[in-house]
Structure formats: C-alpha cells, structure tokens
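First residue of the sequence shown: 1, per full-length UniProt numbering; consecutive thereafter.
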Amino acid sequence: MASQLVREWAGIQQFPVATQTALHRLLGKLKQESVDTLTILVLGKGGVGKSSTVNSIVGERVAIVSAFQSEAMRPLICSRSRAGFTLNIIDTPGLIEGGFVNDHALDLIKRFLINKTIDILLYVDRLDGYRVDDLDMQVTKAISKSFGQQIWRRGLVVLTHAQLSPPDELRYADFVDRRSAILQAVVRKAAGFKKSETQIPVVLVENSGRCNTNSGGEKVLSDGTVWLPYLVEKIVEVATNGSKPILIDKKLIEGPDANQWGKRWIPLFLAFQYFFIVKPIRRGIQKDIQREKSERPAWEIYDETGDKTIFFKRG
Ligand SMILES: Nc1nc2c(ncn2[C@@H]2O[C@H](COP(=O)(O)OP(=O)(O)OP(=O)(O)O)[C@@H](O)[C@H]2O)c(=O)[nH]1
Ligand SMILES: [Mg+2]
1 MASQLVREWA GIQQFPVATQ TALHRLLGKL KQESVDTLTI LVLGKGGVGK SSTVNSIVGE
61 RVAIVSAFQS EAMRPLICSR SRAGFTLNII DTPGLIEGGF VNDHALDLIK RFLINKTIDI
121 LLYVDRLDGY RVDDLDMQVT KAISKSFGQQ IWRRGLVVLT HAQLSPPDEL RYADFVDRRS
181 AILQAVVRKA AGFKKSETQI PVVLVENSGR CNTNSGGEKV LSDGTVWLPY LVEKIVEVAT
241 NGSKPILIDK KLIEGPDANQ WGKRWIPLFL AFQYFFIVKP IRRGIQKDIQ REKSERPAWE
301 IYDETGDKTI FFKRG
C-alpha cells in the first residue's frame, strides 16, 4: 500500500458541520486504539450501489457510478488522509453479472488485492430486494472461498436504497428487520458462523441526492438516523472488535502450496519404499539365489566362479 498515491481527504469538508464533527470524533477513537490506517474492501453483486457508497463515504466522486451495466471492470483504490489517519477504500466490479458469479471479476480483484491487508469488508446489497436466491448464496460463498471465511468477521452488510416505502403496509422497521435477517442468514452460512455467534452488522445507506436531510443538512433515513456517521461508527466497531485484519497473500488465494505439502512427505515415502518394497524384494532375490545354488549341478557352480569354464559332473 506504500506506493499508493495518498491525497488529503478534502471531501470531508464537503459534509455538513455536524457530520464532520462526528467523523473527527470517530477518527479520534481509532487513534486511541492505535489504528491510523483503515483499508475497506467493497464487494457485492452488480449495480447494487457499491461505487455510489464509496463516493458517499469519501465525499468525492472517485468511483464511476452507472445506472446501466458498469464499464468499470477493474478494482479501484482511493486513498485519503486526514489528521494523521489514512483511509484506503477499494471499489470493485460486480461479482454477479448475467445470472452467474463473475469469475473474471473475482480473479481481477484477487490479483489486485495481493499483499494488501483488509481491515473492513463492506458487502453491499439493496434494501429494496424482497427475497434472497441461489445467487446470493453463490456470491457470498465465492467471497469465502476466495478470501477465507475469516473475512466476514471484519464484515458489515450495507443496504443501499434505504429511503423506501415498504410494500404490503409493512412498517419501515419491520421491513428492515426482515430484510436484514435473511441476508444475515445467508452470510452466516457462507461465513461458517455458529448460530450462537453474533450476527454480522447491517447498516442502511441512501446514496441518492434526493435523500432527506435534517435541520443541519445531514442525510437522514426514514427513522431519523443520520446514516453516514452511523455507518462509520459501525466500521470503527468492527475494526476494533479484536478479530485479525485479513492479509491477502498468495497462500490465502491459491490455498496451501501443493508442492510444499508433497515435499514434506517425500522422506516418509522413501522410507516406506525401502522397508516395505526394496528390502522384501532383495530378501526374496537372495533366497532364490541360495535355493538355486543348492539345487544346481556342480558343473554349473564351477562355471560361474572361475575365469576358465570348467565343465564336469558331480558324483
Ligand atoms: N435511489 C438510490 N439509488 C442508488 C443508491 N445507490 C446507488 N444508486 C443508483 O444505482 C445505480 C447503480 O449504482 P452504482 O453505484 O454504479 O452500483 P455498483 O454496485 O457500483 O454497480 P457496478 O459497478 O456496475 O457493479 C446508479 O444509478 C446509482 O445512482 C441509493 O442508495 N439510492
Ligand atoms: Mg461500480
């Protein structure tokens, strides 16, 4: 990450004063915990609002947002620093396109992340989705398979399009609870969390410029939550929850080196071969020679021992 171009986090000054104050307080909290860098990886299906969320957090238009299929096929890292703190945020192409896990995108992301340490995973989806299907299982499992199940211990589910009117006369809070619960169940399965373990946190986001604001000009959700400082607060909680950040190294991505694994067993294999194959064969050969010697006529024995060939019959 050292070679990454780090700019002054100017976007933070674009936020309303109350949001700036809240963000500075949270950055101070991270400093108290000796965290001076956070690297956030943003993953999710195509078109769910990953790039928009990156832009909302940074407060600048750093990632391309598209209503239609995105042309941004490569991951993008944006680094900003403020008061001795560095934020690295990585936007990625959609992991599901056209009804399948996008293996090409996953491969690009893996190669992009090699030797980087991920502090936070934001798994983005939409709040206004009404059910989960096999694709949700596939994409969460693909994340576990690619980066290890442990990455979910550093994860948050981020639900965009949070300014909605729930269908079927459901209350907003009930709708959010139900949508959160089904996605938490999907993640729990992919992450291998036990039922007794704490659930992955879910945070709501409204990236639209038409998001309601409070009297201080801060973006608020239907329940009055000022969502940006709340999202950062949850990020800080996960970053300081005691679990280890995830180093994306070759071993994690490719699995244990098969050759190295094999090499460890070579001496044992050779010993097995010597004691159970070579030695018994040798013993067998010796026995055969002895038996042959004792059964052969004398003239044949003399034939083998001298330079001169002497033929005579015994007895
Ligand atoms: N109303 C509303 N629209 C959103 C929100 N987040 C994103 N959008 C819109 O949804 C569309 C897709 O947003 P992107 O941020 O490009 O989504 P993405 O996940 O980065 O898409 P890909 O990079 O193609 O995978 C754009 O038209 C955004 O303006 C949100 O919270 N509310
Ligand atoms: Mg995008």
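Built from N, CA and C at the ideal position, the CB exists for glycine as well. Model, not experiment: these values are computed from the prediction.
- Note that the segment 58-67 does not touch the segment 266-273; fewer than 3 beta-carbon pairs, one per stretch, sit closer than 8 Å.
- Contact between S51 and D91 holds: their C-beta atoms lie close to 5 Å from each other, under 8 Å.
- Apart from the 5 residues on each side of it in sequence, I12 sits with its Cβ closer than 7 Å to the Cβ of Q20, L23, G59, R82 in its chain, given in chain order.
- When the Cα atoms are used, E206 and T225 turn out to be separated by approximately 11 Å.
- The residues I90, D91, T92, P93, L108, I109, F112, L113, in chain order, have a CB closer than 8 Å to that of P75 in the same chain once the five nearest residues on each side in sequence are set aside.
- Taken atom to atom, the span from the alpha-carbon of T53 to that of P267 is near 54 Å.
- For a cut-off of 8 Å, the C-beta gap from N115 to D223 is around 41 Å, too long to register as a contact.
- By DSSP's assignment, N88 forms a beta bridge with T39, S79.
- At least one heavy atom of ligand 1 lies closer than 7 Å to the C-beta of A67.
- With fewer than 16 other Cβ atoms inside 10 Å of its own Cβ, K145 counts as exposed.
- Under DSSP, Y123 shares a beta bridge with L43, V157.
- A heavy atom of ligand 2 is found nearer than 7 Å to the CB of D91.
- For S222, the CB stays at least 7 Å from every heavy atom of ligand 2.
- In the three-state scheme derived from DSSP, where H, G and I count as helix and E and B as strand, F15 is classed as coil.
- With three or more CB-CB distances shorter than 8 Å, the segment 149-162 counts as touching the segment 191-205.
- I118 sits in a strand when the DSSP states are folded into three classes.
- For the segment 135-201, the full-length alpha helix (DSSP H) segments reaching 4 residues or more read 172-191 along the chain.
- Restricting attention to E8, Q286, V232, the CA atom closest to the CA of L27 is found in V232.
- Proximity of the segment 159-176 to the segment 122-131 meets the contact definition, three or more beta-carbon pairs being nearer than 8 Å.
- Between V203 and Y172, the CB-CB gap reaches or exceeds 8 Å.
- Judged by DSSP secondary structure, E8 falls within the beta strand (DSSP E) whose first and last residues are 6-8.
- Leaving aside the five residues that flank W9 on each side, the residues in its chain whose CB is nearer than 7 Å to its CB run, in chain order, R80, S81, R82, L87.
- Beyond the five residues adjoining it in sequence on each side, P16 comes within less than 7 Å, by CB distance, of G216, G217, E218 in the same chain, given in chain order.
- As the crow flies, the alpha-carbon of N102 is around 15 Å from that of F147.
- Residue pairing from DSSP leaves E60 without any beta-bridge partner.
- Boundaries of the beta strand (DSSP E) harbouring I246: 246-248, taken from the DSSP string.
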